[in-house]
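Start counting the sequence shown at 1; every next residue gets the next number (the UniProt record's numbering).
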Amino acid sequence: LQVGDELPDVTVLDQDGNGVNLKSVAAEKTVVVFAYPKASTPGCTRQACGFRDVFPKFAGVEAAVYGLSADTVSAQKKFQEKQNLPYPLLADTKFELLGPLGAKKTEKGGIVRSYWVIKEGKIATMVVGVKPEVSVEMALEEVI
């Protein structure tokens with residue numbers, strides 16, 4: 001996928017086990033999705049907490065924020081609770097979104113830290129391979 005393409009019609013589970021279809025959400029509001037390699041690791045924690053700390057700014061422009069990794073639902077739940085994250089964390093254990101979005105590192109797995117801004121169901125911004133703190137700043141600039 002690339003800028004201008006529609007998101008795939010895929011439903012993944014959030015930290016509470018609820019199905020989330022980002023394509024449906026993005027049809028109604030701007031969506032910011034950031035991908036991180038592994039919940040509760042140092043770089044991923046900095047990235048997730050960075051989005052947490054500026055979350056009110058995203059909410060102020062009615063942009064939905066989602067964290068995305070291949071971690072399990074339970075790992076996402078622990079990460080969300082431990083870091084007090086106000087947005088959902090999605091468990092894409094089969095790489096159904098991470099793969100098409102270009103964040104799957106190798107055939108066997110692994111994730112490239114990335115972020116996307118989706119507007120009207122289409123990818124407006126796509127940055128694959130980014131430092132934790134930079135992803136927060138850049139994503140915020142895109143939607144504010």
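Beta carbons: idealized from backbone N, C-alpha and C, even for Gly.
Please read all numbers here as calculations on a predicted model, not as lab measurements.
Residues near residue i in its chain [Cβ-Cβ closer than 8 Å; skip 5 each side]
i   : result
G17 : V73
Where residue i falls: helix, strand or coil (DSSP)
i    : result
G50  : helix
T45  : helix
G67  : strand
S24  : helix
K29  : coil
K131 : coil
K119 : strand
A75  : helix
Residue i vs residue j beta-carbon contact at 7 Å
i   : j    : result
Y66 : V12  : no
E96 : V10  : yes
P86 : F58  : no
D5  : I123 : yes
C49 : Q80  : no
Short CB-CB distance (under 7 Å) between residue i and chain D
i   : result
Q83 : This model lacks chain D altogether, as it is built from one protein chain only.
For residue i: DSSP bridge partner residues
i    : result
K82  : According to DSSP, K82 bridges with nothing at all.
K104 : I111
Cβ shell of residue i (< 6 Å), same chain only, five flanking positions each side left out
i           : result
residue 145 : A query on residue 145 cannot be resolved here, the shown segment of the chain reaching from 1 to 144 and no further.
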